[in-house]
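Using the working numbering, the first residue of the sequence shown is number 2, and each one after it goes up by one.
Each residue gets a CB set at the ideal place from its N, CA and C atoms; glycine is no exception.
Working notes, beginning with the structure itself.
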Amino acid sequence: MVAAAVFLRWMPHHGLVVSALVAAPLATALAINFSRKRRFHHAINGINQEAITPDVVSTAAIAASVLFLACLGIYIVLFLPMEH
């Protein structure tokens with residue numbers, strides 16, 4: 002959510018294309034929030050059974066989201082003209 006708010010600062014300089022930069026971290030934050038209960042139950046069951054397995058899909062999804070956000074941010078800053 003903080004990353005989405007920080008990108009709002011670029012809106013006057015780069016226009017509405019920055020909304021993609023706002024939407025990506027916002028979607029990631031919502032996905033993390035909605036999957037929180039499932040992840041907590043998985044961790045609790047793993048602790049009780051003394052065998053926690055890593056959630057590779059969630060980790061890969063967060064890594065892909067961060068990579069996408071970084072690439073999009075670099076593209077917007079370097080290649081899109083600034084509006085005044």
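- When rounded, the separation of the alpha-carbon atoms in Ser20 and Asn49 is 43 Å.
- The C-beta distance from Leu27 to Leu73 rounds to 13 Å, too long to meet the 8 Å contact threshold.
- The C-alpha of Asp56 is placed about 9 Å away from the C-alpha of His43.
- Annotation: Val67 to Glu51 spans about 31 Å, alpha carbon to alpha carbon.
- Here the alpha carbon of Val7 sits roughly 34 Å from the alpha carbon of Ile45.
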